[in-house]
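Trainee: Residue numbers (this note's numbering): 127 to 415. Think of the CB as a built atom: it goes at the ideal place given N, C-alpha and C, for glycine as much as any other residue. Since the model is a prediction, treat every value here as computed from it, not as a measurement. What follows is a structure written as structure tokens; I'll ask about it next.
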DNA sequence: TGCAGTGTTGCTTC
DNA sequence: CGAAGCAACACTGC
């Protein structure tokens with residue numbers, strides 16, 4: 127499940143690989159994944175001939191700025207992967223032309239594939255088919271994404287700003303951290319890891335946090351997300367970079383899906399509970415309620 | 001074998 | 001208005 131660090135890794139790699147490329151063709155076997163324009167032929171017509179000027183990230187959204195002020199938005203949701211390479215259509219499945227990590231079974235789930243002017247391809251692999259693809263006029267996109275909260279890794283996301291966005295919020299800290307309208311980009315894995323780093327219990331009510339606890343959470347957000355970006359994301363779920371390679375955050379992961387194991391800090395057993403229908407992992411001894 | 005668990009977003013319901 | 005539940009989908013693990 128791609129969260130901020132995984133999307134950031136993807137976007138950085140895409141900027142190295144596909145900048146200046148022009149779309150010449152699009153293939154799909156699941157056309158309703160393209161939500162805007164709804165008509166796939168229309169989408170195809172509008173994409174063809176357009177050039178990629180820049181790739182950006184907003185929260186968990188990937189934005190391809192194209193020529194003529196269009197922007198292609200891709201949200202990977204749970205199991206979407208963007209892959210760059212060369213494939214051949216074989217019996218309804220895309221097979222990679224060259225040996226390597228792209229040969230893993232994520233290939234089976236390619237439902238959308240763009241071909242560029244140099245023969246290179248951009249594939250969207252998506253097991254659960256939840257990913258969303260939309261083509262926007264750039265001027266309308268800002269409004270569309272305006273409900274997203276601030277980007278946690280930018281310099282001007284200061285402690286003051288963090289306090290401001292949390293002030294007045296009711297609810298459990300875990301839920302608030304995952305709310306994209308409060309802060310953009312944090313999902314289930316990193317909210318667990320951030321709260322472990324900050325030694326705060328996921329069920330802690332936001333209005334009950336004192337200043338020191340706010341400070342710890344703020345510090346932990348920056349630390350964990352920066353670390354995860356540096357390590358090119360996780361791969362306990364099925365994240366892969368655009369070359370099909372894993373991230374390295376798993377070696378650093380302390381609580382997510384570690385229930386029953388010993389806490390690396392105090393040796394107590396890591397617990398798993400449900401919060402608003404989501405799994406939450408934490409150490410009940412060193413994370414304070 | 002069968003069914004709960006998996007996570008993100010948005011829509012529906014209360 | 002907000003919170004909770006569920007659907008979108010398909011595969012894994014118990």
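Hey, residue 96 and residue 152: beta-carbon distance below 9 Å or not?
Mentor: No answer is possible for residue 96: the residues shown for the chain start at 127 and end at 415.
Trainee: Quick check on residue 333: does DSSP put it in helix, strand or coil?
Mentor: Here the question's residue 333 lines up with position 207 in the first chain. Three-state DSSP puts residue 333 in a helix.
Trainee: Would you check if the distance between the CB atom of residue 296 and the CB atom of residue 328 is smaller than 9 Å?
Mentor: Taking the first residue of the first chain as position 1, residue 296 is located at position 170. Taking the first residue of the first chain as position 1, residue 328 is located at position 202. Contact: no.
Trainee: Could you check whether residue 178 and residue 192 sit closer than 9 Å to each other, using their CB atoms as the reference points?
Mentor: Position 66 of the first chain, counted from the start, is the residue given in the question as residue 192. Position 52 of the first chain, counted from the start, is the residue given in the question as residue 178. Cβ distance < 9 Å, so residue 192 and residue 178 count as in contact.
Trainee: Can you tell which of 163, 161 and 183 has the C-alpha that lies nearest to the C-alpha of residue 141?
Mentor: Here the question's residue 141 lines up with position 15 in the first chain. Taking only the C-alpha atoms, the option nearest residue 141 is 183.
Trainee: If you reduce the DSSP assignment to three classes, tell me which class residue 219 lands in.
Mentor: Start at 1 with the first residue of the first chain, and residue 219 comes out as number 93. Residue 219: strand per DSSP, three-state reduction.
Trainee: Looking at residue 321: is its Cβ nearer than 9 Å to the Cβ of residue 202?
Mentor: Taking the first chain and counting its residues from 1, the one referred to as residue 321 is at position 195. Taking the first chain and counting its residues from 1, the one referred to as residue 202 is at position 76. In this structure, residue 202 does not lie closer than 9 Å to residue 321 by Cβ.
Trainee: Evaluate residue 387 with the Cβ neighbour count: other Cβ atoms within 10 Å of its Cβ, from every protein chain shown; 16 or more gives buried, anything less gives exposed.
Mentor: Taking the first chain and counting its residues from 1, one reaches residue 387 at position 261. With fewer than 16 other Cβ atoms within 10 Å, it is exposed.
Trainee: DSSP state of residue 283, grouped into three classes?
Mentor: Here residue 283 refers to the residue found at position 157 when the first chain is read from its first residue. Note: residue 283 maps to coil in three-state DSSP.
Trainee: Does the beta-carbon of residue 190 have 16 or more other beta-carbons within 10 angstroms, so that it is buried, or is it exposed?
Mentor: Reading the first chain from its first residue, position 64 is the one you call residue 190. Per the 10 Å Cβ criterion, buried.
Trainee: With residue 238 as the anchor, note down where its beta strand (DSSP E) starts and where it stops.
Mentor: The residue labelled residue 238 in the question sits at position 112 within the first chain. Segment 236 to 242, the beta strand (DSSP E) holding residue 238.
Trainee: Please list, in chain order, all residues of the same chain as residue 310 whose beta carbon is under 8 Å from its beta carbon, the five residues on each side excluded.
Mentor: Here residue 310 corresponds to residue number 184 of the first chain, with the count starting at 1. Excluding sequence neighbours, residue 310 sits near 130, 184, 185, 186, 274, 275, 276, 277 and 278.
Trainee: Report the residue from 375, 381 and 401 whose alpha carbon sits nearest the alpha carbon of residue 132.
Mentor: Here the question's residue 132 lines up with position 6 in the first chain. Nearest C-alpha to residue 132: 375.
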